[in-house]
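These notes are about the structure you will find just below.
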Amino acid sequence: MPLKAVILLLSVAGAAYASPKSDFLLHCGGCHQPNGTGAPPNVPTLVGSLGRIAASAEGRDYLARVPGAAQAPLTDDELAAVLNWILKEFNNDTLPASFKPLKGREVGKSRARVLADPLKMRNELWPGDPDY
Amino acid sequence: MNSKKITGRSLQALDRITGNGSRQLARLTSRRSFLTRLGTMITGAAVLPLLPVSRAFSAEPVEELGDPQSCDYWRYCALGGTLCSCCGGTHNSCPPGAEPSPITWVGTCRNPVDDRDYLISYNDCCGKSLCNRCWCGNSERERPVYFPSKSNSVLWCFGTESRAYHCTVAVVLGEASKQD
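Here the protein sequences come in this chain order: L and Y.
So in our numbering, spot 44 of the first sequence is number 59, and the numbers just go up one at a time.
So in our numbering, spot 142 of the second sequence is number 191, and the numbers just go up one at a time.
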């Protein structure tokens, strides 16, 4: 069997193994807590205002550029699934009705430009945000 | 009998009942007993953090076998530190006086009972000096150099009042392959 086919099979098997919630708990839940509330001010909460952030193109970009997200050992599609899961699970009340789920391709482009200082950008884009 | 007289008598009766009730209450209680109860409440509030409720984590519906005081216990497949189960706590609750760190690292271990992978949260218990019993140094799927967030050597006492490390617990968050 060609090497590429083996790699493809392995990656498909890996992707099918974990669900977005499982990936969230494994790669994000340690710091952001299993219920997403974080430990402010050290770790920001993921509950509440992310829906408003996801309403803009900069916000969608930001979500995948945060180091914890960008550098997680997940494929682009898996990361998009985790981010969509976080938005639906913890931020459904603030998510705009027009929200379209993040796609792997979009997330892939964003995460290639990992943020060096996410708090600075968050403060610039959403000054006075009570949830970070 | 007119309505004014009826209202007057009703009010007198109400006065009498209230007065008698107040006097009886004053006979049965005292400032001292009030202070006693207040003292009990204050002491109770101070002792409350020592109860298992605040140290334990949520219920874990998982069938398992093994000795939680042994490093070979299945949940400890990536635990680096001392076992709280040897230090007055259990495999999933901190010893009295130690505070569980909310920030932690999460790995997966295979449960030999059902041969399934479970998400395990390794929470450090903090605020007391090191418990020097039952040292354990397992490192399955740990990648400290590439992913510092997946290191069991990191002191995870973040978000706690004290950063003094005491011991570590292993909490099952759920089955790795069955989350929605």
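We put the beta carbon where it would ideally sit given N, CA and C, even for glycine.
None of these values were measured; they are calculated from a predicted model.
| request: Note down, one range per segment and in chain order, each beta strand (DSSP E) of at least 3 residues found wholly within the stretch 162–214 of chain Y. | output: 165–175, 184–186
| said: Using only the alpha-carbon positions, how far apart do threonine 109 of chain L and glycine 44 of chain L sit? | reply: Against the first sequence, residue 109 of chain L aligns to sequence position 94. Against the first sequence, residue 44 of chain L aligns to sequence position 29. Cα-Cα distance, rounded: 21 Å.
| How would you list, in chain order, the residues of chain Y whose beta-carbon sits under 7 Å from the beta-carbon of glycine 143 of chain L? | Position 128 of the first sequence, counted from the first residue, corresponds to residue 143 of chain L. Simply none; closest approach about 24 Å.
| 7 Å CB neighbourhood of proline 9 of chain Y in its chain, flanking five on each side removed | With chain Y running from 50 to 229 in the structure shown, residue 9 of chain Y is simply not present.
| request: Can you tell me which of the three DSSP states glutamate 224 of chain Y falls into? | output: Translated into positions along the second sequence, residue 224 of chain Y becomes position 175. In the structure shown, glutamate 224 of chain Y sits in a strand (DSSP, three-state: E or B).
| task | Look at leucine 222 of chain Y and proline 161 of chain Y and say whether their C-beta atoms are less than 9 Å apart. | result | Residue numbering aside, residue 222 of chain Y sits at position 173 when the second sequence is read from its first letter. Residue numbering aside, residue 161 of chain Y sits at position 112 when the second sequence is read from its first letter. No. Outside cutoff.
| What residue does the beta strand (DSSP E) around arginine 159 of chain Y start on, and which one ends it? | Position 110 of the second sequence, counting from 1, holds the residue named residue 159 of chain Y. Segment 154–160, the beta strand (DSSP E) holding arginine 159 of chain Y.
| task | Please report the residue range of the beta strand (DSSP E) in which glycine 130 of chain Y lies. | result | Locating residue 130 of chain Y in the second sequence gives position 81, counting from the first residue. Start and end: 129–131.
| message | List, in chain order, every chain Y residue whose beta-carbon is nearer than 8 Å to that of proline 59 of chain L. | response | Within the first sequence, numbered from 1, the residue matching residue 59 of chain L stands at position 44. In chain order: nothing, as chain Y lies at least about 12 Å away.
| field | leucine 132 of chain Y beta carbon less than 9 Å from that of serine 185 of chain Y | value | Walking along the second sequence from the start, residue 185 of chain Y turns up at place 136. Walking along the second sequence from the start, residue 132 of chain Y turns up at place 83. Checking the sequence, you will find cysteine at residue 185 of chain Y rather than serine. Contact flag set, yes.
| query | According to the neighbour-count rule (16 or more other Cβ atoms, all chains shown, within 10 Å of its Cβ), is alanine 72 of chain L buried or exposed? | reply | Here residue 72 of chain L refers to the residue found at position 57 when the first sequence is read from its first residue. Exposed.
| task | For chain L, find out if any of its Cβ atoms is closer than 9 Å to the Cβ of threonine 153 of chain Y; answer yes or no. | result | Against the second sequence, residue 153 of chain Y aligns to sequence position 104. Yes, its Cβ sits closer than 9 Å to a Cβ of chain L.
| query | Where isoleucine 68 of chain L and serine 119 of chain Y are concerned, what is the direct C-alpha to C-alpha distance, given to the nearest angstrom? | reply | By 1-based counting over the first sequence, the position of residue 68 of chain L is 53. By 1-based counting over the second sequence, the position of residue 119 of chain Y is 70. Approximately 47 Å, taken between the alpha carbons.
| What residue does the alpha helix (DSSP H) around alanine 12 of chain L start on, and which one ends it? | With chain L covering only 16 through 147, there is no way to say anything about residue 12 of chain L.
| message | Given a cut-off of 9 Å on the beta-carbon distance, is the pair glycine 156 of chain Y and threonine 217 of chain Y in contact? | response | Indexing the second sequence from 1 puts residue 156 of chain Y at position 107. Indexing the second sequence from 1 puts residue 217 of chain Y at position 168. Cβ atoms of glycine 156 of chain Y and threonine 217 of chain Y: not closer than 9 Å.
| message | Can you tell me whether arginine 75 of chain L is buried or exposed? The criterion is at least 16 other CB atoms within 10 Å of its CB, across all chains shown. | response | Position 60 of the first sequence, counting from 1, holds the residue named residue 75 of chain L. Around the beta carbon of arginine 75 of chain L, 16 or more other beta carbons lie within 10 angstroms, which makes this residue buried.
| said: Is there a C-beta anywhere in chain L that falls below 9 Å from the one on glycine 130 of chain Y? | reply: Translated into positions along the second sequence, residue 130 of chain Y becomes position 81. Cβ-Cβ to chain L under 9 Å: no for glycine 130 of chain Y.
| Where DSSP assigns a beta bridge to cysteine 216 of chain Y, which residues make up the other side? | As a position in the second sequence, residue 216 of chain Y is number 167, starting the count at 1. Note: cysteine 216 of chain Y sits in a beta bridge opposite Y:Cys174.
| task | Closer than 9 Å, Cβ to Cβ, to anything on chain L: give me those residues from the stretch 180–212 of chain Y, in chain order. | result | Arg192, Tyr195, Phe196, Ser198, Lys199, Trp205, Phe207, Gly208
| said: So if I threshold CB-CB distances at 9 Å, which residues from the stretch 78–89 of chain L count as touching chain Y? | reply: Gly83, Gln86, Ala87, Pro88
| query | Would you call the CB atoms of glutamate 224 of chain Y and leucine 179 of chain Y closer than 9 Å? | reply | Start at 1 with the first residue of the second sequence, and residue 224 of chain Y comes out as number 175. Start at 1 with the first residue of the second sequence, and residue 179 of chain Y comes out as number 130. Cβ atoms of glutamate 224 of chain Y and leucine 179 of chain Y: not closer than 9 Å.
| said: Between L:Leu78, L:Leu134, L:Pro111, L:Lys103, which has its C-alpha nearest arginine 126 of chain L's C-alpha? | reply: Indexing the first sequence from 1 puts residue 126 of chain L at position 111. Considering only alpha carbons, the answer is L:Leu78.
| Beta-carbon separation (whole angstroms), valine 62 of chain L vs asparagine 106 of chain L, contact threshold 8 Å | The residue given as residue 62 of chain L occupies position 47 in the first sequence. The residue given as residue 106 of chain L occupies position 91 in the first sequence. With a Cβ gap of about 7 Å, valine 62 of chain L and asparagine 106 of chain L count as contacting.
| request: Could you tell me which of L:Leu94, L:Leu41, L:Ala131 sits nearest to lysine 124 of chain L, measuring between CA atoms? | output: Looking up residue 124 of chain L in the first sequence gives position 109. Nearest of L:Leu94, L:Leu41, L:Ala131 to lysine 124 of chain L, Cα basis: L:Leu94.
| query | Listing by chain order, which chain L residues have their CB less than 9 Å from the CB of glycine 223 of chain Y? | reply | By 1-based counting over the second sequence, the position of residue 223 of chain Y is 174. Under the 9 Å cutoff, chain L gives Lys36, Ser37, Leu40, Pro49.
| field | Span of the alpha helix (DSSP H), counted from its first residue to its last, around leucine 41 of chain L | value | Position 26 of the first sequence holds residue 41 of chain L. It spans 35–42 - the alpha helix (DSSP H) in which leucine 41 of chain L sits, taken as one unbroken run.
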